[in-house]
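So the sequence shown is numbered by the UniProt record's numbering: it starts at 1 and just counts up by one. Below is one structure, written out as structure tokens, with a few remarks after it.
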Amino acid sequence: MAAPAAFAGANPTSTGTLTVTATVNPSISLTFSSATSGPALTNPGTNAATLNFGNISAYGSEPSGVTLDSGSTAGLCSSCFVVYAPVNIVVSGSDVTTANGFSLTAELGTTDSYYWGVATSTTTPSAPLSNSTPASLYTSSTTGTYGTGGNTVYVFLGVANGSTVTAQPNNSISFIATAN
Numbered sequence: 001m002a003a004p005a006a007f008a009g010a011n012p013t014s015t016g017t018l019t020v021t022a023t024v025n026p027s028i029s030l031t032f033s034s035a036t037s038g039p040a041l042t043n044p045g046t047n048a049a050t051l052n053f054g055n056i057s058a059y060g061s062e063p064s065g066v067t068l069d070s071g072s073t074a075g076l077c078s079s080c081f082v083v084y085a086p087v088n089i090v091v092s093g094s095d096v097t098t099a100n101g102f103s104l105t106a107e108l109g110t111t112d113s114y115y116w117g118v119a120t121s122t123t124t125p126s127a128p129l130s131n132s133t134p135a136s137l138y139t140s141s142t143t144g145t146y147g148t149g150g151n152t153v154y155v156f157l158g159v160a161n162g163s164t165v166t167a168q169p170n171n172s173i174s175f176i177a178t179a180n
């Protein structure tokens with residue numbers, strides 16, 4: 001009986017080239033962190049933190065990190081007492097020109113019987129926050145800075161003097177960062 005014929009190259013091969021592509025989209029993220037001189041946030045390092053002013057009053061001492069505004073508060077509310085606290089807003093960018101900074105707006109969640117405000121300094125805001133028109137904190141000419149240090153924003157709460165509190169302050173403020 002004859003032996004089977006040996007095939008040269010019994011294990012054939014073939015090659016191919018896969019071209020891989022992607023489109024990298026620029027993106028930014030916004031998170032909150034506790035400011036060194038402010039109260040500790042609940043859930044810091046996320047985009048859904050909570051600032052608790054604690055027990056506040058027009059007469060008496062405020063909790064650590066909360067300040068009773070002794071300046072003019074007429075822009076935010078007349079005949080009220082105002083407290084404020086700092087919060088850091090940290091915006092990180094990927095594939096954006098970080099030197100251009102970012103714009104930041106804030107909008108109140110719902111209308112209630114309190115006066116809410118935000119500012120980039122301890123100067124009382126000239127108008128209360130609205131739930132229909134965002135307030136600009138940083139613009140294309142006055143920009144926020146990217147990075148882990150954050151940008152300090154002050155949150156203000158005004159309570160009408162002489163009124164009976166029927167519901168404790170509880171609202172949300174949406175901050176929107178936009179790359180410039």
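For glycine and all other residues, C-beta sits at the position ideal for the given N, C-alpha and C.
{"query": "Close-in-space but distant-in-sequence residues of the same chain around glycine 149 (CB under 8 Å, 5 per side omitted)", "result": "Asn88 and Val90"}
{"query": "Asparagine 88 in three-state terms, based on DSSP", "result": "strand"}
{"query": "For valine 66, the residue or residues it bridges with in DSSP", "result": "Answer is none; valine 66 lacks a bridge partner."}
{"query": "Residue ranges of each beta strand (DSSP E) within the stretch 17-65, 3 or longer", "result": "27-34"}
{"query": "Rounded separation between phenylalanine 175 and threonine 105 - CA only", "result": "6 Å"}
{"query": "Three or more C-beta pairs below 8 Å linking the stretch 150-158 and the stretch 106-115", "result": "yes"}
{"query": "Same chain, Cβ closer than 8 Å to alanine 127, five either side skipped, listed in chain order", "result": "Gly75, Leu76, Gly117 and Ala135"}
{"query": "Collapsed DSSP secondary structure at asparagine 161 in the structure displayed", "result": "coil"}
{"query": "Alpha-carbon to alpha-carbon, valine 66 and glycine 38", "result": "6 Å"}
{"query": "Selected residue, minimal CA-CA separation from glycine 54, among Asn47, Glu62 and Ala48", "result": "Glu62"}
{"query": "Rounded straight-line distance, which links the Cα of glycine 144 to that of alanine 179", "result": "9 Å"}
{"query": "Buried/exposed call for residue 203, threshold 16 Cβ in 10 Å", "result": "This structure does not reach residue 203, given that the chain is present from 1 up to 180, and the question cannot be answered."}
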